[in-house]
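Protein sequence lines correspond, in order, to chains A and B.
Taking the numbering used here, the leading residue of the first sequence gets 1, the next gets one more, and so forth.
Taking the numbering used here, the leading residue of the second sequence gets 483, the next gets one more, and so forth.
All C-beta atoms in this analysis are idealised placements derived from N, C-alpha and C, irrespective of residue type, glycine included.
Protein chains: 2
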Amino acid sequence: VTTSIAELDTLVEQAQAAAPAVARASDATRAGWLRSLASKLEEHSEELVRIATEETHLDVNRLTGEVNRTTGQLRLFADAIIEGSYLEATIDHANPATGTPDLRRVLLPIGPVAVFAGSNFPFAFSVAGGDTASALAVGCPVIVKAHSGHLRLSERTAEIVTLALQEEGAPAGTFALVSGRDVGSALVQHPGIRAASFTGSVGGGRALFDLAAARPDPIPFYGELGSINPTVLTRAAIEARGVELASGLAISFTQGIGQFCTKPGVVFIPDDSGFESLLVDAVSERPGGQLLTERIATAYPEGLRAVSADPDVTVVYGRVDQGGGDSDAEPVVLATSAEAVRTRPETLLAETFGPTTLLVRYSSAPALHAALSQTPGSLTATVHAEPSDDIEELVDLLSARAGRVLFKGWPTGVAVTWSQNHGGPWPSTTSIHTSVGVSAMRRFQRPIVFQDAPATVLPPSLLESNPLQIPRRLDGGLKLQG
Amino acid sequence: VTTSIAELDTLVEQAQAAAPAVARASDATRAGWLRSLASKLEEHSEELVRIATEETHLDVNRLTGEVNRTTGQLRLFADAIIEGSYLEATIDHANPATGTPDLRRVLLPIGPVAVFAGSNFPFAFSVAGGDTASALAVGCPVIVKAHSGHLRLSERTAEIVTLALQEEGAPAGTFALVSGRDVGSALVQHPGIRAASFTGSVGGGRALFDLAAARPDPIPFYGELGSINPTVLTRAAIEARGVELASGLAISFTQGIGQFCTKPGVVFIPDDSGFESLLVDAVSERPGGQLLTERIATAYPEGLRAVSADPDVTVVYGRVDQGGGDSDAEPVVLATSAEAVRTRPETLLAETFGPTTLLVRYSSAPALHAALSQTPGSLTATVHAEPSDDIEELVDLLSARAGRVLFKGWPTGVAVTWSQNHGGPWPSTTSIHTSVGVSAMRRFQRPIVFQDAPATVLPPSLLESNPLQIPRRLDGGLKLQG
Chain A
1 VTTSIAELDT LVEQAQAAAP AVARASDATR AGWLRSLASK LEEHSEELVR IATEETHLDV
61 NRLTGEVNRT TGQLRLFADA IIEGSYLEAT IDHANPATGT PDLRRVLLPI GPVAVFAGSN
121 FPFAFSVAGG DTASALAVGC PVIVKAHSGH LRLSERTAEI VTLALQEEGA PAGTFALVSG
181 RDVGSALVQH PGIRAASFTG SVGGGRALFD LAAARPDPIP FYGELGSINP TVLTRAAIEA
241 RGVELASGLA ISFTQGIGQF CTKPGVVFIP DDSGFESLLV DAVSERPGGQ LLTERIATAY
301 PEGLRAVSAD PDVTVVYGRV DQGGGDSDAE PVVLATSAEA VRTRPETLLA ETFGPTTLLV
361 RYSSAPALHA ALSQTPGSLT ATVHAEPSDD IEELVDLLSA RAGRVLFKGW PTGVAVTWSQ
421 NHGGPWPSTT SIHTSVGVSA MRRFQRPIVF QDAPATVLPP SLLESNPLQI PRRLDGGLKL
481 QG
Chain B
483 VTTSIAELDT LVEQAQAAAP AVARASDATR AGWLRSLASK LEEHSEELVR IATEETHLDV
543 NRLTGEVNRT TGQLRLFADA IIEGSYLEAT IDHANPATGT PDLRRVLLPI GPVAVFAGSN
603 FPFAFSVAGG DTASALAVGC PVIVKAHSGH LRLSERTAEI VTLALQEEGA PAGTFALVSG
663 RDVGSALVQH PGIRAASFTG SVGGGRALFD LAAARPDPIP FYGELGSINP TVLTRAAIEA
723 RGVELASGLA ISFTQGIGQF CTKPGVVFIP DDSGFESLLV DAVSERPGGQ LLTERIATAY
783 PEGLRAVSAD PDVTVVYGRV DQGGGDSDAE PVVLATSAEA VRTRPETLLA ETFGPTTLLV
843 RYSSAPALHA ALSQTPGSLT ATVHAEPSDD IEELVDLLSA RAGRVLFKGW PTGVAVTWSQ
903 NHGGPWPSTT SIHTSVGVSA MRRFQRPIVF QDAPATVLPP SLLESNPLQI PRRLDGGLKL
963 QG
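If you want it as structure tokens, here you go:
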């Protein structure tokens with residue numbers, strides 16, 4: 001079903017009409033919405049996972065885990081708004097000596113938010129995913145643009161969200177789902193929308209980013225776009241645990257059929273380390289599988305061909321010429337040199353969605369650093385080293401290029417916690433904010449300060465008596481309560 | 483002196499080269515830079531104020547006060563980075579039960595920052611102003627684009643900044659000044675610049691915003707653009723203290739010759755309240771004065787003519803046909819109806835820099851609210867009411883349109899404190915951040931998380947022992963120290 005522009009207008013008007021009541025709902029009330037939604041998703045988990053397997057070709061275990069991540073996320077955000085730090089309540093009492101007035105700052109919900117769902121996480125980055133949870137948590141109505149890759153699941157999830165919100169007494173207009181290609185452009189340009197979030201390709205994200213920025217009144221556009229997630233293995237690490245690293249890498253770049261934004265897409269390895277044959281052994285045990293959508297299935301062999309057309313690229317494992325369409329995508333390992341990456345980063349480091357990774361052989365630390373310095377911004381960067389390795393410069397290089405730097409394990413798998421950061425330099429993210437973890441909520445808040453306000457107009461967070469018992473900063477000093 | 487593009491390239495390269503060392507400098511070291519700079523500005527205050535009076539036509543008292551605000555701002559930011567909350571250090575220890583890794587989040591400096599100085603605050607929003615202080619505080623090199631309205635002052639201030647940083651041992655490249663119109667466009671588009679801040683007109687700000695957004699790698703652009711700062715007076719307030727309100731308003735819209743971004747540019751008053759004659763009396767005691775630049779002097783009578791050309795606008799005080807050029811700008815009070823504002827907000831609510839304000843007569847609360855709902859985003863909104871007034875709906879309307887809502891006093895005058903917010907909905911600001919107050923620093927930081935990192939690569943803020951003794955969130959709980 002495609003939403004017409006007239007229908008979209010009505011839905012945005014309803015969101016705008018609901019916004020003041022959603023903003024005024026207490027933290028306890030909104031926490032109730034999120035918890036109720038989490039319970040409802042759990043209740044319907046089996047049905048939802050069944051629809052998702054049919055639409056996305058992802059397996060039941062993976063999808064069931066994703067539902068749990070999604071409900072855990074909703075409950076974490078409920079806890080976080082009750083804790084109250086997310087309001088950044090800050091009070092400076094009047095100082096007659098300096099003539100400064102009484103100033104009380106808090107973060108307010110920004111208003112109706114447009115959420116563009118991703119293809120690859122039909123739960124965690126879709127209708128009831130992290131962006132929706134973030135916006136509802138801080139008090140913003142949400143309009144989700146469904147991903148065309150899982151429309152039935154989107155509609156069923158939206159029914160569940162709507163029912164949960166209704167049962168909890170949330171205002172009509174708090175949530176809506178729209179679908180259709182044109183409706184996406186109209187949504188991000190709609191005067192009633194105050195912020196937008198997006199998970200997807202660099203091309204699609206850039207187009208929407210440009211529309212958001214070109215508005216008469218530009219709005220924040222939180223895009224999570226492509227990411228190649230550089231990984232570095234030192235010689236000492238391969239000597240110490242080469243088999244384990246090969247096995248971990250093989251799982252990481254092939255799981256979810258290589259369709260994670262955190263897939264390790266480029267792996268720097270020392271020359272003649274023997275790692276390639278270890279990886280070939282490990283990958284040979286990994287299954288392929290059907291990709292999420294026809295478009296991704298077509299793009300996968302195209303991407304493989306584009307990279308392997310480079311004269312300095314060799315195929316280490318698998319077939320570049322693959323079927324596309326309904327056939328399973330097979331794992332492929334390519335290899336090249338650090339010098340080739342340094343000179344042709346655009347060609348060699350283009351993101352290829354699917355079960356492939358590019359090994360980059362380096363002969364020396366300077367050669368490695370020179371290639372890394374041409375690597376675009378990523379969500380993650382990983383280094384596997386031994387205590388004997390001097391990695392200080394390497395860590396600086398990776399920190400400058402990523403929002404999460406790992407020293408163990410693999411970047412696929414993103415824990416939803418207070419400290420998590422899922423956002424890195426362009427193009428991996430279009431902002432200085434995260435889309436996963438508690439601080440993702442900050443994207444949909446704006447600051448306001450009340451000057452010399454009577455208590456009757458102040459929100460509870462700013463009342464002298466601190467009825468919410470939240471952490472606040474009083475006259476410059478952080479207080480946990482009171 | 484105009485900076486050439488070749489010189490700009492060299493300066494940005496130097497800033498990029500300095501960035502890692504500036505980022506690595508300890509909070510105590512950077513606090514030392516800011517404090518030393520504050521002391522140096524005080525030492526040279528008389529000389530700087532003398533140059534500023536010559537270039538800006540602002541008076542000595544105002545300018546001396548502004549130097550104090552600027553040095554106070556530098557010292558407040560020094561205190562804030564020592565306090566350490568600005569790092570948002572957050573640690574989630576590994577949880578073997580759930581399989582989550584050890585995650586440690588902190589905010590890093592974003593990299594070299596371009597600061598576009600404003601015309602109207604030659605100290606507080608210029609070379610050593612709030613944007614420069616914010617960027618240096620968090621560890622970013624700064625390149626300031628001087629405002630053409632006070633070039634000699636900019637150069638002299640830059641010498642003092644450079645000397646202070648040199649004496650404190652800051653890396654070469656930490657700070658630079660550039661000037662010239664073309665250099666501004668080149669600066670915001672330069673690949674080495676990671677964020678930009680701007681104080682000025684909607685037209686100039688929008689042009690730079692568009693350039694920042696159109697980059698191959700868009701960067702955050704923190705513009706503080708036009709603002710009309712709606713003010714509402716209730717009948718009860720005028721009856722209780724009309725003379726005091728008239729006097730306060732007259733001072734607020736004429737001080738600094740009406741060249742504050744927080745000037746109350748539109749004042750809603752009840753029909754037949756008698757306030758207009760009180761205001762005329764009060765304004766008649768207020769001097770005019772020479773405007774900051776020739777361009778502003780030309781634009782002032784143009785702006786007056788544009789608004790007063792509306793058939794529903796009358797001149798309550800002063801002359802619309804004024805000289806421009808070197809002659810003093812004289813105060814002007816215009817008046818219209820709420821209905822006219824509701825139907826023609828673009829014409830009537832255009833910002834006019836200079837000593838003028840527009841009175842808007844309202845006949846009822848609905849008429850007032852209808853006009854207010856057409857008012858564009860502003861830095862501030864002010865309401866003067868009595869306890870007998872029901873202002874709940876009014877406060878909601880104003881809160882939706884401003885970043886600071888005042889209930890006493892006048893919006894000109896912005897205290898620099900922990901809680902201050904100087905930023906409102908578009909066009910007053912291009913982001914969800916403030917340009918004044920401690921949280922202005924957040925504009926130039928980006929989050930990063932270290933996963934399972936050895937202590938040897940962690941910044942001090944994330945070490946288990948908390949050597950900086952800063953507030954941190956540990957496993958979800960906020961701790962003041964330790």
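DSSP three-state label for residue i, please.
{"i": "ALA217/A", "result": "Reading off the sequence shown, one finds Asp at residue 217/A, where the question assumed Ala. In the structure shown, ASP217/A sits in coil (DSSP, three-state: anything other than H, G, I, E or B)."}
{"i": "ARG862/B", "result": "A small fix is needed here, since residue 862/B is Thr in this sequence, not Arg. In the structure shown, THR862/B sits in a strand (DSSP, three-state: E or B)."}
{"i": "ARG955/B", "result": "strand"}
{"i": "ARG506/B", "result": "helix"}
{"i": "SER819/B", "result": "strand"}
{"i": "PHE757/B", "result": "helix"}
{"i": "LYS961/B", "result": "strand"}
{"i": "PHE657/B", "result": "strand"}
{"i": "PRO746/B", "result": "coil"}
{"i": "THR426/B", "result": "For chain B, the structure presents residues 483 to 964; residue 426/B sits outside this window and is missing."}
{"i": "ILE751/B", "result": "strand"}
{"i": "ALA371/A", "result": "helix"}
{"i": "ALA114/A", "result": "strand"}
What residues are listed by DSSP as bridge partners for residue i?
{"i": "ARG484/A", "result": "One cannot answer for residue 484/A here, as it falls past the ends of chain A, which runs 1 to 482."}
{"i": "GLU726/B", "result": "In the DSSP output, where bridge partners are listed per residue, GLU726/B has none listed."}
{"i": "GLU706/B", "result": "THR681/B and THR911/B"}
{"i": "PHE444/A", "result": "Partner(s): none; PHE444/A has no beta bridge."}
Are residue i and residue j closer than 9 Å when you measure CB to CB?
{"i": "VAL144/A", "j": "ALA176/A", "result": "yes"}
{"i": "ILE592/B", "j": "GLN927/B", "result": "yes"}
{"i": "GLY409/A", "j": "GLY423/A", "result": "no"}
{"i": "GLU570/B", "j": "LEU589/B", "result": "yes"}
{"i": "THR347/A", "j": "VAL307/A", "result": "yes"}
{"i": "ARG152/A", "j": "ILE269/A", "result": "no"}
{"i": "THR864/B", "j": "THR713/B", "result": "yes"}
{"i": "PRO451/B", "j": "ASP878/B", "result": "The requested residue 451/B does not occur in the structure, where chain B is confined to residues 483 to 964."}
{"i": "LEU48/A", "j": "VAL67/A", "result": "yes"}
Which residues in chain B sit within 7 Å of residue i, going by Cβ to Cβ distance?
{"i": "TRP418/A", "result": "THR572, ASP574, ARG955 and GLY958"}
I'd like the list of long-range same chain contacts for residue i, defined as Cβ closer than 6 Å, with 5 residues on each side in sequence excluded.
{"i": "GLN902/B", "result": "VAL918 and GLY919"}
{"i": "THR736/B", "result": "ARG768, PRO813 and PRO837"}
{"i": "GLY708/B", "result": "VAL684, GLU833 and PRO909"}
{"i": "LEU358/A", "result": "VAL266 and LEU334"}
{"i": "TYR317/A", "result": "VAL280, VAL283 and VAL333"}
{"i": "THR796/B", "result": "ALA817"}
Take residue i and list the residues in its own chain whose beta-carbon comes closer than 8 Å to its own, dropping the five residues that flank it on each side.
{"i": "LEU208/A", "result": "PHE116, GLY184, SER185, VAL188, ALA196, PHE198, PHE221 and GLY223"}
{"i": "ALA562/B", "result": "TYR568, ALA619, TRP900, VAL920 and MET923"}
{"i": "SER870/B", "result": "ALA718"}
{"i": "LEU458/A", "result": "ARG104 and PHE450"}
{"i": "HIS915/B", "result": "TYR704, GLY905, SER921, ALA922, ARG924 and ARG925"}
{"i": "LEU379/A", "result": "GLU224, SER227, ASN229, CYS261, THR262, ALA402, GLY403, ARG404, PRO411, HIS422, GLY423, GLY424, SER428 and THR429"}
Run through chain A and tell me which residues come within less than 9 Å of residue i, C-beta to C-beta.
{"i": "THR912/B", "result": "PRO218"}
Mind pulling the chain A residues with CB within less than 7 Å of residue i?
{"i": "ARG928/B", "result": "ILE432"}
Note down, in chain order, each residue of its chain lying with its Cβ closer than 7 Å to the Cβ of residue i, except the 5 sequence neighbours on either side.
{"i": "THR56/A", "result": "PRO122, GLY149, HIS150 and LEU292"}
{"i": "LEU165/A", "result": "TRP33, THR174 and PHE175"}
{"i": "SER881/B", "result": "VAL887"}
{"i": "LEU76/A", "result": "VAL416 and VAL438"}
{"i": "GLU874/B", "result": "none"}
Going along chain B, which residues have a C-beta under 9 Å from residue i?
{"i": "ASN120/A", "result": "In chain order: nothing, as chain B lies at least about 21 Å away."}
So residue i contacts chain B; which residues on that side make the cut at Cβ distance below 8 Å?
{"i": "PHE407/A", "result": "PHE932, GLN933, ASP934, ALA935, PRO936 and VAL939"}
If the cut is a Cβ gap below 8 Å, which residues of chain A does residue i touch?
{"i": "GLY655/B", "result": "Ordered by position in chain A, no residue passes the 8 Å Cβ test against GLY655/B, which lies about 16 Å from the chain."}
Does residue i have its Cβ less than 9 Å from a Cβ in chain E?
{"i": "HIS44/A", "result": "Although the question refers to chain E, the structure presented lacks it and instead comprises the protein chains A and B."}
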